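Straight run, no breaks: the sequence shown in this note's numbering ends on number 426. For glycine and all other residues, C-beta sits at the position ideal for the given N, C-alpha and C. Quick caveat: nothing in here was measured; it's all calculated off a predicted structure.
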Amino acid sequence: MRHHPGLGFVAVTLLSASTPSIAAPCSASEDELAWNGVDLAEIGGDTGWFPSSFPAQLRLVGRVVGETAVSASTSSSVCWTEAMSGRIDGTRGSGYLDVAYGADIHLYAKVDTSILGKAIYWSGEIPLPYIPRDLMVAGSTPFDPTLDAQVDARVSDGTSPITLVSSNVIGDLIGIVGISGGLRVTVTPSMVTEYRTTTAHLGTASATSATHELSVTRPTAGFDDSIELPVSLAGIVRYAPTLTFAARFDIKIFGYRVVDWELFQVPMTLPALERKVTMTSDTPAHFALPVLDGLGEGARIDFASGATQLLAIRNRGELALTIDPASVPAGVTVEAIDIAPGASAQLRVTATDDAFATGSKTLLLATSDPDHAQISIELGREVGGTDPGMVEDEPEAGGCSTGGSSTGGVVGLIALVVIRRRRKA
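The structure is reproduced here in structure tokens:
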């Protein structure tokens with residue numbers, strides 16, 4: 002996914018060790034989010050009886066029905082130094098709003114009159130032969146998911162007048178003896194649908210603006226080789242439908258005219274509706290992490306056997322592990338190393354003859370392991386040696402070894418130092 006600067010920043014603060022000197026390492030996850038909703042039966046309206054005070058009137062009752070779909074892609078990342086911060090970026094152009102809505106309409110009529118002194122009253126529903134397929138408003142549009150926009154996406158659609166009923170034999174529709182005449186009703190629908198993102202969620206942290214930062218507690222057991230966090234985008238879909246009717250009603254009973262009227266604009270009041278939606282993913286965002294193994298706090302390196310020592314270190318994580326010197330004593334040199342996921346490497350530490358003339362020294366290493374931002378190692382001669390411990394699958398794990406350099410004078414000692422760390426089950 003591409004970086005999109007518009008979507009909000011979420012700082013997920015997790016307790017860690019002291020601030021390392023290396024640049025903040027990061028891990029990323031790309032996710033597809035979606036929401037789909039059907040049937041808006043709560044959007045309904047009623048024209049009431051019209052025209053008022055006429056002996057023959059009509060009434061239309063309707064509701065909007067259909068489906069809306071919203072989707073977007075996100076690129077989430079977590080970065081860590083002293084704390085871990087998270088970010089959700091909407092992928093430019095990945096948002097998609099799709100709507101397809103029609104109307105469920107019912108037509109009623111009533112006649113309340115008298116002919117030659119005889120009262121006549123009838124009221125009932127006029128059956129509509131069918132709901133035309135044209136009575137559908139639909140549209141779709143891509144958009145850029147962003148927290149700071151007033152409207153992310155907008156779709157509007159309308160149609161020309163659509164005939165609901167047209168008959169010149171009114172007796173087929175209204176059960177009054179001696180009735181004749183005609184009835185014609187048309188409808189013109191339209192719909193405006195808007196969507197905007199209001200909140201971005203990463204794990205238990207949320208952002209409502211591009212500058213909103215929140216925090217969560219670090220996992221009690223520390224990090225493993227990865228961390229999974231639910232990611233979602235919450236927003237609001239706003240529907241603004243309209244139904245406008247036109248009607249002509251012509252009635253005679255036993256040849257006596259009761260009404261003959263025509264109305265070109267009969268609006269049905271349909272309230273705009275705002276619906277809260279949340280786009281989610283089928284799986285949580287997966288962030289690969291490095292895992293330092295073979296080096297821990299309390300480690301010691303004894304240079305009594307040679308000026309150069311090699312520390313065997315393994316990366317048991319899913320992300321590359323970086324180890325950099327953070328604070329190096331005078332007379333000591335350390336080479337930074339990068340270790341691929343699942344691989345091992347040797348950290349080379351070299352000391353001059355007078356490096357420990359005044360006693361042992363402390364070496365600080367900065368690592369990209371979020372559980373161990375810094376490692377402190379005691380350096381010196383006759384400092385008690387290095388406890389090799391146990392490093393799985395390492396043939397050197399049996400203890401220390403020495404050997405002479407073919408170039409003369411440099412003695413290499415592979416020191417295996419185990420970190421006793423807790424990992425999530």
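How about residue i and residue j: are their beta carbons less than 7 Å apart?
i: F224; j: D372; result: yes
i: L348; j: L320; result: no
i: A154; j: I127; result: no
i: E379; j: R301; result: yes
i: L136; j: I163; result: yes
i: P130; j: T198; result: no
i: I44; j: V62; result: no
i: E68; j: V39; result: yes
i: I121; j: G182; result: no
i: S77; j: V232; result: yes
i: G46; j: L271; result: yes
i: T363; j: S377; result: yes
i: N37; j: A70; result: yes
i: F250; j: L184; result: yes
i: P190; j: V138; result: yes
i: G87; j: L203; result: yes
Looking only at its own chain, which residues have a Cβ that is under 8 Å from the Cβ of residue i, when we skip the five neighbours before and after it?
i: G118; result: none
i: D355; result: G332
i: A337; result: T323, I324, D325, P326
i: G409; result: Low per-residue confidence applies at G409: pLDDT is 35, beneath 50, and the placement is therefore not dependable, though the value from the model is reported in the following sentence. None.
i: V152; result: E195, Y196, R197
DSSP beta-bridge partners for residue i?
i: E263; result: R249
i: H107; result: V62
i: V350; result: Q310, V335
i: A150; result: The partner list for A150 (beta bridge, DSSP) is empty, contrary to what the question assumes.
i: V186; result: V166, A248
i: E379; result: R301, T363
i: D283; result: Paired residue(s): none; D283 is not in a bridge.
i: A208; result: A201
i: E275; result: R239
i: R258; result: K253
i: L34; result: A73
i: G159; result: S191
i: P268; result: T245
i: L234; result: A201, M280
i: D325; result: A367
i: T114; result: I121
i: V138; result: Y102
i: V39; result: E68
i: F288; result: I228
i: E126; result: Y109
When the Cα of residue i is compared with those of the options, which residue comes out closest?
i: D99; options: W262, P143, S207, D283; result: P143
i: H287; options: L230, R301, L244; result: L230
i: L59; options: V260, N37, S282, S328; result: V260
i: V267; options: L244, P285, K253; result: L244
i: A241; options: N37, T309, L41; result: L41
i: T334; options: A308, V79, V62; result: A308
i: V384; options: G299, I340, L365, Q375; result: G299
i: D158; options: G176, V152, M192; result: M192
i: T205; options: S30, P285, V350, A222; result: P285
i: L31; options: T160, G49, T114, D283; result: Looking at the sequence itself, residue 31 is Glu, so the reference to Leu does not match. Selected option, being the one with the closest Cα: D283.
i: T114; options: F255, L365, D339; result: F255
i: S167; options: A248, A222, Q375, D90; result: A248
What does a CB cutoff of less than 6 Å around residue i pick up in its chain, not counting 5 residues either side in sequence?
i: F304; result: A352, R382
i: A35; result: S72, M280
i: L274; result: I44, Y240
i: V292; result: D226, R317, G318
i: A341; result: A321
i: Y257; result: I116
i: T200; result: S207, T209, A235
i: G125; result: none
i: G343; result: none
i: S74; result: M2, E33, T92, S95
i: G405; result: Its pLDDT being 34, under 50, G405 is placed unreliably in this model, and the value from its coordinates should be taken loosely. Answer for G405: no residue qualifies.
i: F357; result: G381, R382
i: W50; result: Q58, R60
i: A29; result: S78
Between residue i and the rest of its own chain, which residues show a CB-CB distance below 7 Å, the 5 nearest in sequence each way excluded?
i: V156; result: L98, V100, G140, S141, T142, T194
i: L165; result: I106, L108, L129, V186, T187, V188
i: W81; result: S17, A25, P26, P371
i: V178; result: none
i: S361; result: E379, L380, G381, V384
Can you tell me whether residue i sits near the ligand SAM, meaning its C-beta is under 6 Å from at least one heavy atom of the ligand?
i: V292; result: Of the ligands one can find in the structure shown there are none, so the ligand SAM has no counterpart to examine.
Kindly indicate if chain D contains any beta-carbon less than 7 Å away from that of residue i.
i: I340; result: The structure shown contains no chain D, having only a single protein chain.
Exercise. Counting Cβ pairs, one atom from each stretch, are 3 or more of them under 8 Å apart for the segment 306-325 and the segment 366-381?
Worked result: yes
For this session: Would you check if the segment 168-177 and the segment 232-239 touch, i.e. whether three or more CB-CB distances between them fall below 8 Å?
Result: no
For this session: Mind the definition here: the segment 51-60 touches the segment 272-279 only if three or more C-beta pairs lie below 8 Å; say whether that holds.
Result: no
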